[in-house]
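J.: Counting from 448, one number per residue, gives the positions in the sequence shown under the numbering used here. Supplied in structure tokens, the structure appears directly below.
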Amino acid sequence: MDWASKYRPKHVKELVGNSTALRQMVDWGQTWTRESRPLILYGKPGTGKTSSVYALAADLNWEIIELNASDQRTRDIILRIAGTSSQTGSLSGAGRKVILLDEADNLHGTADRGGARAILEVIRTARQPVILVANDLYQISVEIRSRCDPVQFRALPARSIIPRLRFICSSEHLSCNDAALETIAVAAEGDMRAAITMLQAAAIGRQALVEADLSSSKKDRRSTVFDLVAAIFGKTGGEDLMKISYEVDETPDTLAQWIEANIGQIGEGNRVSRAYQYLARSDEYIGLTYRHQYYTLWRYATLLMVLGVSEAAGGSGIHTRIKAPERWKKMGSYRKQKAIRTGMLDKVSSGLHMSQHSLRDRYLPTVSALADRDPAEFAREFSLDADELNLLIHDKTRSAKVVKTLYDEEKRLEKERETAERAERRKSAATRKGTERTHDTAPAQERGENQGGGQEQADTRPDVEVKDRRSQKTLFDGF
């Protein structure tokens, strides 16, 4: 068993670091009501986000329903598992059920089609606590973020990681000096899970561990495209630049798009012009590569775009946030619009018992006119959100206002139902108590009546016997 799982904290007090985030989670859990907003835990991997949810659930006696990236997270699956669970109580005797959606920023592709919109639906209708976990907060849609409270988990300092490693060494009867533990903690870069994995890798076949034994356990960290862009516009030497470019897991055409998106940060006109010349020449080699399927030419394309643009930049540095390629933003916007359109067509066509093809090609103008006449009733009937309704009535402000009104009405009705349920429970409890009180007094009355009847019999029986004896005496005397 891997040590990261074996020594996962069981309770909140066992977690390391991020005391502010943990305090916020505990306060949320202890005061949770149906009006409470879901949480989004975000931060780098290995900072304790998922472990904190399990620890909190254990402390509060909550059951956990988890969906993570290893599961298919289509709309139907999320609504069937998380949606149903969020509406019902626990059958295991636990206090509540917490719905945990891990890696919520990693919804993409066919396997997760409609997943983000299903999560939004779960959040809007949940009667149980909901927690989302993500590495990048801004990879989650604005609609979901606006309905949740964010909780940031920061990278753990080495001084917080070392005591945990020392505890694991003691539990595993492994001798390890402080220098070795510090080396592991620093190399982990704030990732507790990576630190524990590195310790376990170094400890294989050993009873004692020193700093020299750690070469095989160092964290495998590859450079990212952000590292490369920062290095190109910084003062990094040519040899180091090429080393970073080889570590980045991107093709030269993708790297060229990232570099182009940030060329504007150079500032000076002549330098910008020279940078574009290098980039254009690099693009020629990329084109030749694809045309002739001769991928050796990628080497020259990379040299030109990395070393050439670096020379043109002259170490000007990055003074603002590194920008993503504009083309990616447009593609992301297109994918979002397509997902909204598909969701709207699916809901409306299912409700009208027709195919999406027929709705889109023949009846969409008619349906749009009906929606525009009474958007509130239409949105309620087909469970449309603001974006989906906007596709039909073409009025973003009106759509948002209508959906917000429906949401507020739904909340009000939910509160009324809860109030009625509480009143019904109190009434039932009072009725049960009254019934129990009646059952308790009835036997006492019966006992009293029986005692009284017995006394009457005891009082009257001697008279009867006396009368009988008298009548018998008189009779015999007469003879």
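Glycine is no exception: its CB is placed at the ideal position from the N, C-alpha and C atoms.
Start and end of the beta strand (DSSP E) containing residue 824?
T.: To locate residue 824, count along the sequence shown from 1; it is residue 377. That residue, residue 824, is in no beta strand (DSSP E); its alpha helix (DSSP H) goes 822-829.
J.: Under the assumption that residue 806 contacts residue 796 (Cβ atoms under 8 Å), give the Cβ distance between them as a whole number of angstroms.
T.: Here residue 806 refers to the residue found at position 359 when the sequence shown is read from its first residue. Here residue 796 refers to the residue found at position 349 when the sequence shown is read from its first residue. Going by Cβ atoms, the distance from residue 806 to residue 796 rounds to 5 Å, so yes, they are a contact pair.
J.: Going by beta-carbon coordinates alone, are residue 778 and residue 699 separated by less than 9 Å?
T.: Here residue 778 corresponds to residue number 331 of the sequence shown, with the count starting at 1. Here residue 699 corresponds to residue number 252 of the sequence shown, with the count starting at 1. No, Cβ-Cβ distance for residue 778 and residue 699 is not below 9 Å.
J.: If we ignore side chains and look at the alpha-carbon of each, how far apart do residue 850 and residue 602 end up?
T.: Here residue 850 refers to the residue found at position 403 of the sequence shown. Here residue 602 refers to the residue found at position 155 of the sequence shown. Using only the alpha carbons, I get a separation of about 39 Å.
J.: What residue range is occupied by the uninterrupted alpha helix (DSSP H) comprising residue 731?
T.: By one-based count along the sequence shown, residue 731 stands at place 284. Segment 716-739, the alpha helix (DSSP H) holding residue 731.
J.: Could you tell me whether the stretch 466-477 touches the stretch 610-629, where touching means 3 or more Cβ pairs closer than 8 Å?
T.: The stretch 466-477 vs the stretch 610-629: no contact.
J.: Pick out the complete alpha helix (DSSP H) segments inside the stretch 610-680, 4 residues or longer, and give them in chain order.
T.: For the stretch 610-680, whole alpha helix (DSSP H) runs of length 4 or above, ordered along the chain, are 625-634, 639-650 and 672-679.
J.: CA-CA distance, residue 502 and residue 636?
T.: The residue you call residue 502 lines up with position 55 of the sequence shown. The residue you call residue 636 lines up with position 189 of the sequence shown. Rounded to whole angstroms, residue 502 to residue 636 spans 23 Å at the Cα level.
J.: Can you tell me whether residue 757 is buried or exposed, with buried defined as 16 or more other CB within 10 angstroms of its CB?
T.: Taking the first residue of the sequence shown as position 1, residue 757 is located at position 310. Its Cβ being crowded by 16 or more others within 10 Å, residue 757 is buried.
J.: Quick one: grab the DSSP three-state call for residue 867.
T.: As a working note, residue 867 is residue 420 in the sequence shown. Here residue 867 sits in helix by DSSP.
J.: Start and end of the beta strand (DSSP E) containing residue 474?
T.: Walking along the sequence shown from the start, residue 474 turns up at place 27. Counting along the chain, residue 474 falls outside any beta strand (DSSP E), though it belongs to the alpha helix (DSSP H) covering 466-477.
J.: Going by the CB atoms, is the gap between residue 485 and residue 610 shorter than 9 Å?
T.: On the sequence shown, residue 610 is found 163 positions in, with the first residue counted as 1. On the sequence shown, residue 485 is found 38 positions in, with the first residue counted as 1. No, they are not a contact pair.
J.: Touching or not, the stretch 700-712 and the stretch 753-773, by the rule of three or more beta carbon pairs under 8 Å?
T.: Judged by Cβ distances under 8 Å, the stretch 700-712 makes contact with the stretch 753-773, as three or more pairs qualify.
J.: Quick check: the Cα distance between residue 866 and residue 634, rounded to an integer number of angstroms?
T.: Against the sequence shown, residue 866 aligns to sequence position 419. Against the sequence shown, residue 634 aligns to sequence position 187. Whole-angstrom Cα-Cα distance: 55 Å.
J.: Is there contact between the stretch 686-695 and the stretch 737-744, where contact requires at least three CB pairs shorter than 8 Å?
T.: No: the two stretches stay apart, fewer than three of their Cβ pairs being nearer than 8 Å.
J.: Considering only residues of the same chain and omitting the five flanking positions on each side of residue 450, which have a CB-CB separation below 8 Å?
T.: Within the sequence shown, numbered from 1, the residue matching residue 450 stands at position 3. 615, 619, 643, 644, 646 and 647.
J.: Opposite residue 489 in the DSSP bridges: which residues?
T.: As a working mapping, residue 489 is identified with position 42 in the sequence shown. Bridge partners of residue 489: 581 and 599.
J.: Are there three or more Cβ pairs, one per stretch, closer than 8 Å when the stretch 676-692 is compared with the stretch 715-733?
T.: No: fewer than three Cβ pairs fall under 8 Å.
J.: Given a cut-off of 9 Å on the beta-carbon distance, is the pair residue 492 and residue 640 in contact?
T.: By one-based count along the sequence shown, residue 492 stands at place 45. By one-based count along the sequence shown, residue 640 stands at place 193. Contact: yes.
J.: Can you tell me whether residue 683 is buried or exposed, with buried defined as 16 or more other CB within 10 angstroms of its CB?
T.: On the sequence shown, residue 683 is found 236 positions in, with the first residue counted as 1. So residue 683 ends up on the buried side.
J.: To the nearest whole angstrom, what separates the beta carbons of residue 823 and residue 844, a pair I think is in contact under 8 Å?
T.: Within the sequence shown, residue 823 is the residue found at index 376, counting from 1. Within the sequence shown, residue 844 is the residue found at index 397, counting from 1. Not really, about 14 Å apart at Cβ, beyond 8 Å.
J.: Take the Cβ of residue 558 as the centre, count every other Cβ of all protein chains shown within 10 Å, and call the residue buried at 16 or more, exposed below.
T.: The residue given as residue 558 occupies position 111 in the sequence shown. Note on residue 558: pLDDT 42, under 50, position unreliable in the model; the coordinate value appears next. Under this definition residue 558 is an exposed residue.
J.: Quick check: the Cα distance between residue 875 and residue 830, rounded to an integer number of angstroms?
T.: Counting from one through the sequence shown, the residue named residue 875 turns up at place 428. Counting from one through the sequence shown, the residue named residue 830 turns up at place 383. Those two C-alpha atoms are separated by around 35 Å.
J.: Under DSSP, the alpha helix (DSSP H) around residue 688 begins and ends at which residues?
T.: Here the question's residue 688 lines up with position 241 in the sequence shown. Start and end: 685-694.
J.: If we count the other Cβ atoms within 10 Å of its Cβ and call it buried at 16 or more, is residue 799 buried or exposed?
T.: Taking the sequence shown and counting its residues from 1, one reaches residue 799 at position 352. Result: exposed.
J.: Quick one: grab the DSSP three-state call for residue 547.
T.: To locate residue 547, count along the sequence shown from 1; it is residue 100. It is a strand residue.
J.: Just verifying my parser: in three-state terms, what is the DSSP assignment at residue 462?
T.: Position 15 of the sequence shown, counted from the start, is the residue given in the question as residue 462. Coil at residue 462, not helix or strand.
J.: Under three-state DSSP, which class holds residue 482?
T.: Taking the sequence shown and counting its residues from 1, the one referred to as residue 482 is at position 35. Looking at residue 482 - three-state DSSP - the assignment turns out to be coil, as it is neither helix nor strand.
J.: Look at the Cβ atom of residue 688, then the Cβ atom of residue 754, and state whether they are nearer than 9 Å.
T.: Position 241 of the sequence shown holds residue 688. Position 307 of the sequence shown holds residue 754. The answer is yes: Cβ separation under 9 Å.
J.: Return yes when the Cβ of residue 553 is within less than 9 Å of the Cβ of residue 586, no when it is not.
T.: Here residue 586 refers to the residue found at position 139 when the sequence shown is read from its first residue. Here residue 553 refers to the residue found at position 106 when the sequence shown is read from its first residue. Taking 9 Å as the Cβ cut-off, residue 586 and residue 553 qualify as a contacting pair.
J.: Given a cut-off of 9 Å, decide if residue 703 and residue 733 are closer than it, judged by their beta-carbon atoms.
T.: Start at 1 with the first residue of the sequence shown, and residue 733 comes out as number 286. Start at 1 with the first residue of the sequence shown, and residue 703 comes out as number 256. Yes. Within cutoff.
J.: With respect to the beta strand (DSSP E) encompassing residue 512, which residues constitute its N-terminal and C-terminal limits?
T.: Here the question's residue 512 lines up with position 65 in the sequence shown. Its beta strand (DSSP E) spans residues 510-514.
J.: Can you grab the Cα-Cα spacing for the pair residue 838 / residue 788, in whole Å?
T.: For the purposes of this step, residue 838 is identified with residue 391 of the sequence shown, where counting begins at 1. For the purposes of this step, residue 788 is identified with residue 341 of the sequence shown, where counting begins at 1. Cα-Cα distance, rounded: 7 Å.
J.: If you draw a straight line from the C-alpha of residue 706 to the C-alpha of residue 759, how long is it?
T.: Counting from 1 along the sequence shown, the entry for residue 706 is found at position 259. Counting from 1 along the sequence shown, the entry for residue 759 is found at position 312. C-alpha separation (whole angstroms): 12 Å.
J.: The alpha helix (DSSP H) spanning residue 496 covers which residue range?
T.: Position 49 of the sequence shown, counted from the start, is the residue given in the question as residue 496. 496-507 is the span of the alpha helix (DSSP H), which, as asked, contains residue 496.
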